[in-house]
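Every letter in the sequence shown is one number past the one before it in the numbering used here, and letter 178, counting from 1, is 195.
Everything below concerns the one structure shown next.
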Amino acid sequence: MARPKHTNPENFTSGEISHGTGISMRNLQVIRDNGLAPEANQWMPDNLYDLTGLVHFALIGAFLGAGLPLLHAAKMSQEMRWMHYDFGFGYMSGLRNFSHDEIKKLDVWTPGAGNYEFEFWLHHALKSQGIQSYSGFNAWDYDKVLLIADGALVSIDLHNQKHKMNMVWGKNTVPFGPDPFCRILPKNDPSNKLIQPVIDDPRINMDTGEFSLDVINEYRDAIYNSTSLLRINMSLATRKCADRIHDLRMNKGGTIFQS
Numbered sequence: 018m019a020r021p022k023h024t025n026p027e028n029f030t031s032g033e034i035s036h037g038t039g040i041s042m043r044n045l046q047v048i049r050d051n052g053l054a055p056e057a058n059q060w061m062p063d064n065l066y067d068l069t070g071l072v073h074f075a076l077i078g079a080f081l082g083a084g085l086p087l088l089h090a091a092k093m094s095q096e097m098r099w100m101h102y103d104f105g106f107g108y109m110s111g112l113r114n115f116s117h118d119e120i121k122k123l124d125v126w127t128p129g130a131g132n133y134e135f136e137f138w139l140h141h142a143l144k145s146q147g148i149q150s151y152s153g154f155n156a157w158d159y160d161k162v163l164l165i166a167d168g169a170l171v172s173i174d175l176h177n178q179k180h181k182m183n184m185v186w187g188k189n190t191v192p193f194g195p196d197p198f199c200r201i202l203p204k205n206d207p208s209n210k211l212i213q214p215v216i217d218d219p220r221i222n223m224d225t226g227e228f229s230l231d232v233i234n235e236y237r238d239a240i241y242n243s244t245s246l247l248r249i250n251m252s253l254a255t256r257k258c259a260d261r262i263h264d265l266r267m268n269k270g271g272t273i274f275q276s
């Protein structure tokens, strides 16, 4: 694979994205052709993606690996990005929650000027300095996971949520648990929309904040009473993608490291 043709280590070529996610170059093009790729930054050339784009594709790769059709996987990742106020690398990977005590043990180099994402350079330090507490193959507490009940109702949950606080559902307070995300529509659905985000459910009124309890109960009941339950660790998938690209750059001499 060719050396990355860019100078910002926090940007990624299509080849790197393909390597990190396992999505073929052909399928990356299909995703772009269907308008489901990350929205391009006006200052970046085509086929070059920032850290948010890496997360976007990492989720598509994880959904594909779990057996979802390509366009459904891409649409779900796009909706996930639109839904989250913070869809950044640090947040979605869980690296933002990495132990401060462990960070103190590291020599985390960061650029001397300009904008940069600290968690990207933290990840580089973790990978290059051999910290035993870091493993891209292990699930972490509070990893963000996706739950798909019987191939239809999709919710977001946290791995090993230790503090069982209540959560807000519209104007209601409910026990913490899976948070409704979307409904996967049948292939022959006349809308051709692939998924129905929960915010488009007629029982949800975003303007008034009136969220029917029937909605969250339906999604949670679907999980608890499912015949099949698909569980995808989105944070772990993001870390694995970053690990693969890091290793590729180590081996190929890409533009990730400080001078």
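We treat Cβ as the ideally placed atom computed from N, Cα and C, and that holds for glycine.
Cβ-based burial, Ser35 [other Cβ within 10 Å; buried from 16]: Here residue 35 refers to the residue found at position 18 of the sequence shown. With 16 or more Cβ atoms within 10 Å of its Cβ, Ser35 is classed as buried.
Looking at C-beta atoms only, is the number of pairs between the stretch 115-123 and the stretch 91-101 that lie closer than 8 angstroms three or more? no
Secondary structure of Thr24, DSSP reduced to three states: Against the sequence shown, residue 24 aligns to sequence position 7. Correct three-state label for Thr24: coil.
Beta-carbon proximity list for Ala19, same chain, < 7 angstroms, skipping 5 on both sides: Along the sequence shown, read from residue 1 onward, the residue named residue 19 stands at position 2. Note that Ala19 scores a pLDDT of 46, beneath 50, so its modelled location is shaky and nothing firm can be said.
Under DSSP, the beta strand (DSSP E) around Arg248 begins and ends at which residues? For the purposes of this step, residue 248 is taken as residue 231 along the sequence shown, with counting starting at 1. Start and end: Leu246 to Asn250.
In the DSSP assignment, the alpha helix (DSSP H) including Phe80 goes from what residue to what residue? In the sequence shown, residue 80 corresponds to position 63, counting from 1. Leu68 to Gly82 is the span of the alpha helix (DSSP H), which, as asked, contains Phe80.
Rounded C-alpha distance that separates Gly220 from Gly153: As a position in the sequence shown, residue 220 is number 203, starting the count at 1. As a position in the sequence shown, residue 153 is number 136, starting the count at 1. It is Arg, not Gly, that sits at residue 220 in the sequence shown. Whole-angstrom Cα-Cα distance: 39 angstroms.
Look up Ile216 in the DSSP assignment and give the residues it is bridged to. Locating residue 216 in the sequence shown gives position 199, counting from the first residue. Residue pairing by DSSP places Ile216 in no beta bridge whatsoever.
Residue span of the beta strand (DSSP E) that contains Arg200, given as start and end: As a working note, residue 200 is residue 183 in the sequence shown. Asp196 to Ile201 is the extent of the beta strand (DSSP E) around Arg200.
So, are the CB atoms of Asp160 and Ser243 less than 8 angstroms apart? Along the sequence shown, read from residue 1 onward, the residue named residue 160 stands at position 143. Along the sequence shown, read from residue 1 onward, the residue named residue 243 stands at position 226. With respect to the 8 angstroms criterion, Asp160 and Ser243 are not classified as neighbours on the basis of their beta carbons.
Give me the Cα-Cα distance between Ser229 and Asp238, rounded to the nearest whole angstrom. Within the sequence shown, the letter at position 212 stands for residue 229. Within the sequence shown, the letter at position 221 stands for residue 238. Cα to Cα, the separation comes out at about 15 angstroms.
Using the beta-carbon count (16 or more within 10 Å), is Lys257 buried or exposed? Indexing the sequence shown from 1 puts residue 257 at position 240. If you draw a 10 Å sphere on the C-beta of Lys257, you find 16 or more other C-beta atoms in it, and that means buried.
Where does the unbroken beta strand (DSSP E) through Ser110 begin, and where does it stop? Within the sequence shown, residue 110 is the residue found at index 93, counting from 1. Looking at the DSSP string, Ser110 is not in any beta strand (DSSP E); the run it does join, the alpha helix (DSSP H), is Phe106 to Ser110.
Identify, in the order they occur along the chain, each residue of the same chain with its Cβ nearer than 6 angstroms to the Cβ of Leu71, setting aside the five sequence neighbours on each side. Position 54 of the sequence shown, counted from the first residue, corresponds to residue 71. Cβ within range, chain order: Phe29.
In angstroms, rounded to a whole number, what distance separates the CA positions of Asn222 and Val185? Start at 1 with the first residue of the sequence shown, and residue 222 comes out as number 205. Start at 1 with the first residue of the sequence shown, and residue 185 comes out as number 168. About 15 angstroms.
Considering only the beta carbon of each residue, do Leu68 and Glu27 sit closer than 8 angstroms? For this step, residue 68 is matched to residue 51 along the sequence shown. For this step, residue 27 is matched to residue 10 along the sequence shown. In this structure, Glu27 lies closer than 8 angstroms to Leu68 by Cβ.
Neighbour-count burial assignment, Ser110, 16 or more Cβ in a 10 Å radius: Looking up residue 110 in the sequence shown gives position 93. With 16 or more other Cβ atoms within 10 Å, it is buried.
Rounded Cβ spacing between Ser245 and Asp167 (contact assumed at less than 8 angstroms): Here residue 245 is taken as the residue at index 228 of the sequence shown, counted from 1. Here residue 167 is taken as the residue at index 150 of the sequence shown, counted from 1. With a Cβ gap of about 6 angstroms, Ser245 and Asp167 count as contacting.
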